[in-house]
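Residue numbers (numbering that gives the first Met the number 0), protein chains in the order written: chain A, 0 to 239; chain B, 0 to 239.
Glycine included, C-beta positions come from ideal geometry on N, C-alpha and C.
One structure is given below, encoded as structure tokens.
There are 2 protein chains.
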Amino acid sequence: MVLIILKMSKKASEHISPVLNIPIFRNLPEPAGRMLDGILVRREFSRGENIFIEGSESTGFYIIMKGRVKVFKLSSDGKEQILHIVGSKELLGAVSAFAGNPYPAHADAMEKTKALFFPRKDFLALIKNEPSVVMNMMANLSMRLQYFTRMIEDLSLKEVPGRLAAYLLYLSRQPGYSETVEIDISRGQLASLLGTIPETLSRILRRMSEKGILEVSGRRIKLLKKKTLHDIVNGEKAGL
Amino acid sequence: MVLIILKMSKKASEHISPVLNIPIFRNLPEPAGRMLDGILVRREFSRGENIFIEGSESTGFYIIMKGRVKVFKLSSDGKEQILHIVGSKELLGAVSAFAGNPYPAHADAMEKTKALFFPRKDFLALIKNEPSVVMNMMANLSMRLQYFTRMIEDLSLKEVPGRLAAYLLYLSRQPGYSETVEIDISRGQLASLLGTIPETLSRILRRMSEKGILEVSGRRIKLLKKKTLHDIVNGEKAGL
DNA sequence: ATATGTCTTTGACTTATGTCAAGAACGTAA
DNA sequence: TTACGTTCTTGACATAAGTCAAAGACATAT
Numbered sequence: 000m001v002l003i004i005l006k007m008s009k010k011a012s013e014h015i016s017p018v019l020n021i022p023i024f025r026n027l028p029e030p031a032g033r034m035l036d037g038i039l040v041r042r043e044f045s046r047g048e049n050i051f052i053e054g055s056e057s058t059g060f061y062i063i064m065k066g067r068v069k070v071f072k073l074s075s076d077g078k079e080q081i082l083h084i085v086g087s088k089e090l091l092g093a094v095s096a097f098a099g100n101p102y103p104a105h106a107d108a109m110e111k112t113k114a115l116f117f118p119r120k121d122f123l124a125l126i127k128n129e130p131s132v133v134m135n136m137m138a139n140l141s142m143r144l145q146y147f148t149r150m151i152e153d154l155s156l157k158e159v160p161g162r163l164a165a166y167l168l169y170l171s172r173q174p175g176y177s178e179t180v181e182i183d184i185s186r187g188q189l190a191s192l193l194g195t196i197p198e199t200l201s202r203i204l205r206r207m208s209e210k211g212i213l214e215v216s217g218r219r220i221k222l223l224k225k226k227t228l229h230d231i232v233n234g235e236k237a238g239l
Numbered sequence: 000m001v002l003i004i005l006k007m008s009k010k011a012s013e014h015i016s017p018v019l020n021i022p023i024f025r026n027l028p029e030p031a032g033r034m035l036d037g038i039l040v041r042r043e044f045s046r047g048e049n050i051f052i053e054g055s056e057s058t059g060f061y062i063i064m065k066g067r068v069k070v071f072k073l074s075s076d077g078k079e080q081i082l083h084i085v086g087s088k089e090l091l092g093a094v095s096a097f098a099g100n101p102y103p104a105h106a107d108a109m110e111k112t113k114a115l116f117f118p119r120k121d122f123l124a125l126i127k128n129e130p131s132v133v134m135n136m137m138a139n140l141s142m143r144l145q146y147f148t149r150m151i152e153d154l155s156l157k158e159v160p161g162r163l164a165a166y167l168l169y170l171s172r173q174p175g176y177s178e179t180v181e182i183d184i185s186r187g188q189l190a191s192l193l194g195t196i197p198e199t200l201s202r203i204l205r206r207m208s209e210k211g212i213l214e215v216s217g218r219r220i221k222l223l224k225k226k227t228l229h230d231i232v233n234g235e236k237a238g239l
């Protein structure tokens, strides 16, 4: 039923299935693309809506088309640690779906989010016929592993100012930013991503402003002394 | 009994390439196994020897056959954080070799280690012909991702006693252990694995002994109050 | 056995960061 | 606008954990 709606929503003007633009489906032949159109289920989530919870059985995975999703763990006292933020064209819950394990974390939509759901059984059938999909997914997993490797390093080796500095410098290397970066998440969320609490983050931002390293105005932050930020990442105290 | 097993494994090797017992090569046809015998390079490392360093180019990956290898990061002041310990039948450096990235961490042999080296170019050739290898590797990567997810949670959500308790309980669930566990790494290494320093670990072990939660004698630790350990994992202070 | 080097433990001290509580700033809806 | 709820900031405080330094235990080799 949902499948029919999907099909109808696709205009004949599109001679190439748009799903073939999704990284893990790159290089697939066109017939496979048409087949995917019939398998993938469109789903929408509103801001703050839960997509899955930790421990629940994985029935498939999501390809995020629009919006952002936070994947996070909760401690026994309700504090959350964001593991990562999944954005457009990225996969959500793929590892669990592949391995057949329950989801290891919670996922909430951070804003209005559109996604395609890929049922596990259909996915397992697809990879039998199209091994290249597995190759693409492995590249995807590899990147995630490298990201996590780095995150473990950040969380365990550096103090909060170092983690913040690393994050700001990372943002400044993203396309469109250089001297000024726009933090696209709230202070509290950023604190969680850095493995700390809003109070601590707030204090550190103030101290960095006082030292003339940053200029903070809401979610817009100007990096005045990038060199000092690099030093902080490398463990320098920089008089904070 | 041991002799019989030994004999059988020797006999079997005359008919089936032993490499086909390695998880990622499971289900490969015998001809591929013989081909692998000609590709894999036997390498040995002595205790403490470096296998690769962070940032160096990845020319292939290792399959550990005997011994253990620690994969770790170094902070600017030389402090190390162990990411994981790779043991028998496990892969070392596979992500980098697959993605063609430099190694993201250092790897040192913790003891005399025997490994098979799989050159990157040969591996890329193999997966073209044998997609099932990629499936097996993806299962491997998935497990690693889940492990890292858990590790990030441990490092960021829990205090050191909680991480220690989680590790001890994890060991006690391993085959062969229940009330008493044998820590197979030195105090300093364990500290690094838990994201702390030997001094702190030492103090916490003492406090737990004083409270009658543990009984420590060298690398042998008796878990006297498992329930309390669980409470500590869940954030209870337990009067430490 | 003795000596040498490494690993581990302990104590005194410092510091980064979390907790608690209150006020300020901000956004949203009436 | 005002009022309300949320988020952010700030201060005083508590504490977990790191640093430094020294002593003790342990293992290895001579």
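Listed in chain order, the non-local C-beta contacts of E43 of chain B below 8 Å within the same chain comprise K111, T112, K113 and A114, local neighbours out to five positions each way being set aside. Annotated three-state conformation of T199 of chain B is helix, per DSSP. If you ignore the 5 residues before and after P174 of chain A, its C-beta comes within less than 6 Å of no other C-beta in its own chain. Identification of chain A residues near Q80 of chain B by a Cβ-Cβ cut-off of 8 Å yields I151, E152, S155 and L156, ordered along the chain. Between L213 of chain A and L200 of chain A, the CB-CB gap reaches or exceeds 8 Å.
Under the Cβ distance rule, P28 of chain B does not count among the residues neighbouring chain A, no pair being separated by less than 8 Å. Closest in alpha carbon position to S75 of chain B, among A:I182, A:S155 and A:Y169, is A:S155.
I151 of chain A is classed as buried because its beta carbon has at least 16 other beta carbons within 10 Å across all chains shown.
Note on G66 of chain B: 16 or more other CB atoms within 10 angstroms of its CB, so buried under the neighbour-count rule.
In the DSSP assignment, Q80 of chain B falls within the beta strand (DSSP E) that extends over E79 to V85. Short of 8 Å from the beta carbon of G211 of chain B, and not among the five residues preceding or following it, lie these beta carbons of its own chain, in chain order: L223 and K224. In this structure the stretch 174-193 of chain A does not lie against the stretch 21-29 of chain B, because fewer than three pairs of beta carbons, one per stretch, are closer than 8 Å. In this structure, the straight-line span from the alpha carbon of P103 of chain A to that of V94 of chain A is close to 9 Å. Within the stretch 39-70 of chain B, the runs of beta strand (DSSP E) at least 3 residues long that lie entirely inside it are, in chain order, 40-44, 49-51 and 59-65.
R219 of chain A and S171 of chain A have their C-alpha atoms some 12 Å from each other.
Interface criterion met: the Cβ of V133 of chain B is under 8 Å from a Cβ in chain A. Across the structure, M134 of chain B and S208 of chain B are spaced so that their CA atoms are roughly 46 Å apart. Chain order gives no chain A residues near P197 of chain B, where near means a beta carbon separation below 7 Å; the closest approach is about 15 Å. Residues of chain B whose Cβ lies closer than 8 Å to the Cβ of G234 of chain A are, in chain order, S74, S75 and D76. Contact between F117 of chain A and M137 of chain B fails: their C-beta atoms lie close to 15 Å from each other, not under 8 Å. According to the DSSP assignment, K120 of chain A belongs to the alpha helix (DSSP H) that extends over R119 to N128.
Contacts with chain A at 8 Å (Cβ-Cβ) do not include Q188 of chain B. In this structure, the beta-carbon distance from L140 of chain A to S216 of chain B does not fall below 8 Å. With a cutoff of 8 Å on beta-carbon distance, L163 of chain B and V180 of chain B are scored as not near each other.
If you look at S95 of chain B, you'll find it in the alpha helix (DSSP H) that goes A93 to A98.
Only exposed fits V40 of chain B, as fewer than 16 other CB atoms lie within 10 angstroms of its CB. L144 of chain A and R143 of chain B do touch by the CB rule: their CB atoms are close to 6 Å apart, below 8 Å. For Q80 of chain B, the CB contacts under 7 Å within the same chain, skipping 5 residues up- and downstream, are F71, K72, S191 and G194 in chain order. Leaving aside the five residues that flank N20 of chain A on each side, none in its chain has a CB nearer than 7 Å to its CB. Against chain A, a Cβ distance below 9 Å from S141 of chain B picks out A93, V94, S95, F97, A98, N100 and L140. Taking the Cα positions, G77 of chain A is about 17 Å away from E198 of chain A.
As a beta-bridge residue in DSSP terms, I220 of chain B pairs with B:V180 and B:V215. Pairing I63 of chain A with S87 of chain A gives a Cβ-Cβ distance under 8 Å.
Per DSSP, reduced to three states, the secondary structure at D76 of chain A is coil, with no helix or strand assignment. H83 of chain A and G92 of chain A have their C-alpha atoms some 12 Å from each other. Of all residues in the stretch 48-66 of chain B, none is placed with a Cβ closer than 7 Å to any Cβ belonging to chain A.
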